[in-house]
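What follows is a single structure, written as structure tokens, with notes after it.
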Amino acid sequence: MPTSWKYVMVMVGILFLSAALRAQQAPKAPIPVILDTDIGSDIDDTWALALLLASPELDLKMVVTDSHDVVGRARIVAKFLEQVGRTDVPVGIGRRMDNVRGPQFDWAADYDLKSYPGKVHEDGVGAMVKTIMTSRQPVTLIVIGPAPNIEEALKREAGIIKKARIVAMSGSVYRGYGPNSKPEPEYNVKDHVSSTAAMYKAGWPVLIAPLDTAGTIQLDGDAYRKVFTSTNPLCRTLIENYQTWLKNQKTNLKFEQQSSTLFDCLAVFLVHSRDFVQIEQVKLDVTPDGSTKVSASGSQVEAATQWKDLEGFEKYLADRLAAVKKPRVPPVRSTMKPK
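First residue of the sequence shown? That's 613 in the working numbering, and the numbers climb one at a time after it.
What follows is the structure, given as structure tokens:
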């Protein structure tokens with residue numbers, strides 16, 4: 613081969629190698645997500661929302677409230693987002709079941725949804741479906757409560773299963789609430805059994821954070837103090853909510869020393885990473901009492917069934933929340949208001 617051609621081939625090889633290295637080093641685009649939440653009942657939803665907002669790996673397209681008093685839940689979401697400077701995030705009002713309130717509702721009892729600077733969708737399920745179907749990228753639905761909205765979305769547009777996946781705090785595979793416990797009905801499933809069954813068997817990818825792992829997360833010691841003493845708006849607003857929730861709970865938890873069980877935070881993390889846990893392929897049947905039983909005839913899901921490093925995850929969670937300095941996206945104002 614002539615010397616000139618050898619030179620050309622070497623240069624072409626160098627260019628290809630350089631392009632490959634740049635592709636490897638380029639940051640990954642954030643994953644578009646929708647949060648479906650029953651915020652206002654257990655405080656862990658609020659911790660999960662805070663973690664989501666502190667995760668640059670995720671692009672939060674919307675928060676939709678689910679189950680029972682969805683308007684009261686939307687007030688909490690909107691007030692939280694406004695206080696932390698994230699009114700670029702739309703709020704969707706989900707499928708109302710009843711007017712049952714939660715122990716956190718007092719925190720936003722006087723908040724007027726019409727005052728929210730961002731978008732408020734009265735038909736949160738419709739907005740969820742539209743966001744999924746018009747997205748250029750697959751959307752991850754983070755489901756951290758009972759799932760009536762998801763069941764309704766599947767009824768309205770079955771095609772969402774081709775454009776979305778589920779990551780949920782849901783179920784109990786080999787253990788239940790408390791150490792050394794047997795599998796038992798988990799609240800999010802038990803509260804609305806048919807919606808979990810529909811979500812599992814729809815045909816899209818499903819990854820769950822069951823009680824096996826999610827039910828063991830609790831911050832105390834240095835990890836909790838890091839969040840408790842942080843002066844950033846995210847942590848201050850989170851701790852405000854925790855204090856309100858505790859006042860309306862019968863519990864021995866010590867506000868200055870420890871969190872409650874933070875079930876939902878693992879689901880948020882699993883959207884972009886599987887570090888800290890072992891993932892297992894399982895088939896689960898959703899029974900009428902809300903149990904999720906391993907069965908050959910069950911729906912195929914992935915489940916985080918064991919911890920590799922629980923302490924490492926708890927440190928990660930505290931570090932992420934405490935490290936937030938300012939809103940990632942400047943607030944925007946919209947003229948869209950609820951009627």
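Each residue gets a CB set at the ideal place from its N, CA and C atoms; glycine is no exception. All values reported here derive from a predicted model rather than from experimental measurement.
Beta strand (DSSP E) runs wholly inside the segment 774-803, at least 3 long, in chain order: Listed in chain order, they are 776-781.
Distance cut-off 6 Å: ALA879 Cβ against heavy atoms of the ligand FAD: The ligand FAD is not among the ligands present in this structure, which contains no ligands whatsoever.
Start and end residues, alpha helix (DSSP H) containing SER807: Here the alpha helix (DSSP H) through SER807 covers 805-813.
Per-residue DSSP class, three states only, for SER911: In this structure, SER911 counts as strand in the three-state DSSP scheme.
Delimiting residues of the alpha helix (DSSP H) encompassing GLU892: If you look at GLU892, you'll find it isn't in any alpha helix (DSSP H); it sits in the beta strand (DSSP E) that goes 889-898.
The alpha helix (DSSP H) enclosing ILE646, as first and last residue numbers: Looking at the DSSP string, ILE646 is not in any alpha helix (DSSP H); the run it does join, the beta strand (DSSP E), is 643-649.
Inter-residue spacing [alpha-carbon to alpha-carbon] between GLN636 and LEU725: At GLN636 the pLDDT is 49, less than 50, meaning the model places this residue with poor confidence; the figure from the coordinates comes in the next sentence. Approximately 44 Å between the Cα atoms of the pair.
Extent of the continuous alpha helix (DSSP H) run through VAL737: Note, VAL737: alpha helix (DSSP H), 736-746.
Residues of its chain near VAL805, where Cβ-Cβ distance is below 7 Å and the 5 sequence neighbours each way are ignored: If the five residues before and after VAL805 are omitted, its C-beta is found closer than 7 Å to the C-beta atoms of VAL898, PRO900 and GLY902, all from its own chain and listed in chain order.
Validate contact between the segment 819-831 and the segment 774-792 using beta carbons, cut 8 Å, 3 pairs: Yes, they touch.
One or two residues paired with ILE705 in a DSSP bridge: Paired residue(s): THR677.
Span of the alpha helix (DSSP H), counted from its first residue to its last, around ILE655: Premise fails: ILE655 is in no alpha helix (DSSP H) and is neither H nor E.
Continuous alpha helix (DSSP H) stretch holding VAL839: start and end: Segment 833-840, the alpha helix (DSSP H) holding VAL839.
Alpha carbon of ILE646 to alpha carbon of MET740, nearest angstrom: Roughly 7 Å separates the two Cα atoms.
Alpha helix (DSSP H) segment containing ALA690, residue limits: Segment 682-695, the alpha helix (DSSP H) holding ALA690.
C-alpha gap between MET811 and GLU914, whole angstroms: If you take the alpha carbons of MET811 and GLU914, they lie about 13 Å apart.
Rounded straight-line distance, which links the Cα of ASP648 to that of ASN761: Answer to the nearest angstrom: the Cα atoms are 8 Å apart.
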